[in-house]
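Everything below concerns the one structure shown next.
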Amino acid sequence: RTIDDLGKLQGKTVLLRSDLNVPLDDAGAITDDGRVRASVPTIQRLRDAGARVVVCAHLGRPKGVPEEKYSLRPVADRLAELLGTPVLFATDTVGESANETVDRLNDGDVAVLENLRFNPGETSKDDAERAAFADQLSHLADVYVSDGFGVVHRKQASVYDIAERLPQAAGGLVETEVGVLRQLTEKPQRPYAVVLGGAKVSDKLGVIEALLGKADLLLIGGGMVFTFLAAQGHEVGKSLLEEDQVARVRGYLADAENRGVQIVLPTDIVAATEFSADADHEVVAADAIPADRMGLDIGPESAAAFAQAIGTAKTVFWNGPMGAFEMQPYAAGTQAVAQALADVTAKGATTVVGGGDSAAAVRQLGFSDDAFSHISTGGGASLEFLEGKTLPGLEVLES
Ligand code: 3PG
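Read in order, the letters of the sequence shown are residues 2 to 400 in UniProt numbering.
The structure is reproduced here in structure tokens:
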């Protein structure tokens, strides 16, 4: 069901679940507002239909109690700027402030509720506790629209239980994200290349397993690559290493070979004496990382090889930076991969950047969103989708 299936929305109160979980700096300023911007079209569409829009969302991982640093107020302010209209803010989620705020809404108005995760019921593993919170939420509105693609892999009150309590539909962002990712899982144009990075291989095991049966080419960088290099028998010095995953990764390398999937690993590495922008660093061979150094980026030879491989693809999915890109000396690998994706997009390939971190990385490196076919707002959600897992927040919309 989409918003069009909900019938007339004029005068109706819509509870809209968005993913407004944006990165903040130490001073509490938003460093990447991509998710807020991505939530705007659905909000605007509901306003245009005459609905009273009550946005609910989470920020960070507070433990079921209010914490000032996780307040959604700055995010609500940013939303107001982007919408070009005032946005009311409720200082709680289902209490007095929420009720009063919703009562004050006129048709076409927008309110944001305080962080859902200030309430233990939102993320509770206890079905009854979640249900009780979802009941309270449901009393605020007439219908529910699920547009927080980044949270559809979470079985949480505002994502899952609520959809059983109100007439519901998927919002435009969820529709778009599912459409794009379904294309990758069902009929990717080949060659299909997947670039994976990020710190931990243990976060990516499921998706690697699933992709070994789908992708033609798997390019690996980021902190997780050192577990691959170790699996090939190389010393990785002080680099990140998940020793307990080495045997498993060795199995993937063998499996890939049997299936004819090409796994491309870096041949050179930028190795530093410590995790710092000022540390002494040099380019070393990937199979000869000195014992007193840690790899913090793929090297120039690898960046060129990755770019060349990406250039041959018709479909590319990318999740996870190639190095510690937030420090300038270790940004070149991520920059090269982003550029290669942008170039191949211009040549007509379908490119999808998945994940909050990767999305923030490409923007921080100066790429505009339309340099790629699609920048997903989902990190874990997009990976679990590609993995073929059942996502509770999507499943419940189909029931
Ligand atoms: C994300 O950042 O991936 C989503 O907002 C989900 O957040 P969570 O991992 O804290 O559930």
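Glycine included, each C-beta is placed from N, C-alpha and C at the ideal position.
Residue i bridges to which residues according to DSSP?
i: M328; result: None; M328 has no bridge partner.
i: E283; result: A272
i: D143; result: Paired residues: none, contrary to the question.
i: H154; result: H154 is not bridged to any residue.
i: T3; result: A171
i: R53; result: T14
i: L220; result: V196 and V265
i: A91; result: L114
i: I31; result: L25
Below 8 Å on the Cβ atoms is my guess for residue i versus residue j; work out the distance and round it to an integer in Å.
i: N120; j: G65; result: 6 Å
i: V54; j: V95; result: With a Cβ gap of about 17 Å, V54 and V95 do not count as contacting.
i: P291; j: V284; result: Not confirmed; about 12 Å, so no contact.
i: T228; j: Q246; result: 5 Å
i: A164; j: L213; result: At roughly 33 Å, the Cβ-Cβ gap does not stay under 8 Å, so A164 and L213 are not in contact.
i: G355; j: W319; result: 7 Å
i: N116; j: P63; result: 6 Å
i: L266; j: V226; result: 6 Å
Measuring only the C-alpha atoms, how far is residue i from residue j?
i: D262; j: I209; result: The question names Asp, but residue 262 in the sequence shown is Val. Cα-Cα distance, rounded: 11 Å.
i: P330; j: A341; result: 19 Å
i: V153; j: T3; result: 16 Å
i: K201; j: P42; result: 34 Å
i: A171; j: T268; result: 44 Å
i: A91; j: L106; result: 12 Å
i: I264; j: I221; result: 7 Å
i: R251; j: A211; result: 16 Å
i: G324; j: V363; result: 13 Å
i: V195; j: K156; result: 27 Å
i: V103; j: V113; result: 9 Å
i: L241; j: L47; result: 46 Å
So, at 7 Å on beta carbons, what are the nonlocal neighbours of residue i in its own chain, with the 5 sequence-adjacent residues on each side left out?
i: A158; result: G122, E123, R131, F134, A135 and L138
i: A278; result: M328, Q329 and P330
According to DSSP, is residue i part of a helix, a strand, or is it coil?
i: Q190; result: coil
i: V23; result: coil
i: Q169; result: strand
i: T228; result: helix
i: L366; result: coil
i: L17; result: strand
i: N320; result: strand
i: Q233; result: coil
i: I209; result: helix
i: D256; result: helix
i: residue 401; result: In this structure the chain extends from 2 to 400, so residue 401 is not present and cannot be described.
i: D127; result: coil
i: L297; result: strand
i: V354; result: strand
In chain order, what residues of the same chain lie with their CB nearer than 8 Å to the CB of residue i, ignoring the 5 residues before and after it?
i: I31; result: V23, P24, L25, V37, P75, V76 and R79
i: R260; result: L213 and G214
Return the chain-ordered list of same chain residues with a C-beta closer than 6 Å to the C-beta of residue i, the five sequence neighbours on each side being excluded.
i: G379; result: F150 and G151
i: A332; result: F326
Which residues have their C-beta within less than 6 Å of a heavy atom of ligand 2, listed in chain order? Absent from the structure shown: ligand 2. Ligands present: ligand 1.
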